[in-house]
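Trainee: This is the structure I have questions about; it appears just below.
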Amino acid sequence: MLRMSLFPETPGTLLRKIADLQAGDDAAVWADFVERYLPAVRAFIRLNGAPENEQDDLVQEVFVKLVGILRTSRYDAAKARFRTYLATLMRNLLVDYFRQIRSRETAVNGAEQMTPLPELGSDPATASSARHRSPPSR
Numbered sequence: 012m013l014r015m016s017l018f019p020e021t022p023g024t025l026l027r028k029i030a031d032l033q034a035g036d037d038a039a040v041w042a043d044f045v046e047r048y049l050p051a052v053r054a055f056i057r058l059n060g061a062p063e064n065e066q067d068d069l070v071q072e073v074f075v076k077l078v079g080i081l082r083t084s085r086y087d088a089a090k091a092r093f094r095t096y097l098a099t100l101m102r103n104l105l106v107d108y109f110r111q112i113r114s115r116e117t118a119v120n121g122a123e124q125m126t127p128l129p130e131l132g133s134d135p136a137t138a139s140s141a142r143h144r145s146p147p148s149r
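All you need for the working numbering is the position in the sequence shown, starting with 1, plus 11.
Right under this line is the structure:
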């Protein structure tokens, strides 16, 4: 599991500034936010088994979702720390991604040839080895 200590502390003022950004506003605020979180987001996506050719798109999707969430005030600091909220958002995004992959594989190959899904949020070594295991024989 990606340690929460890898996630930076996020000042509440930065979250409010992101929420208040409008088109053409100060790009420095967004750049600060991305600089703080890009390494952790990228690591989470990579360590939880996303294919290398999809990782950049998934990282971008995380940031797009975050902006929408912050602008609509769906994040509540009284309920959870921002890093916890972000980890949950990333986990859910990956679950949806892997469900789509599994659905496509089932449609094309049938259930017997599906690739096992990684266990999200598990030890990176475990998540990595889960991708390379053969499906159980019947």
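C-beta: ideal position from N, C-alpha, C; glycine also. None of the values given here were measured: they were computed from a predicted structure.
Should the stretch 57-66 be regarded as contacting the stretch 96-112, the criterion being three or more beta carbon pairs within less than 8 Å?
Mentor: With the cut-off at 8 Å, the stretch 57-66 and the stretch 96-112 touch.
Trainee: Under three-state DSSP, which class holds SER148?
Mentor: Annotation note: pLDDT 42 at SER148 (below 50); position unreliable, no value reported.
Trainee: Could you check the C-alpha separation between VAL52 and VAL73 for me, to the nearest Å?
Mentor: Spanning the two alpha carbons is a distance of roughly 8 Å.
Trainee: Three-state secondary structure (DSSP) at ALA141?
Mentor: With a pLDDT of only 41 at ALA141, under the threshold of 50, the placement of this residue in the model should not be trusted; the figure read from the coordinates follows. Looking at ALA141 - three-state DSSP - the assignment turns out to be helix.
Trainee: Assign ARG113 to one of three DSSP states: helix, strand, or coil.
Mentor: In this structure, ARG113 counts as helix in the three-state DSSP scheme.
Trainee: Would PHE44 and ILE56 be called neighbours here (beta carbons separated by less than 8 Å)?
Mentor: No, these two residues do not count as a Cβ contact at 8 Å.
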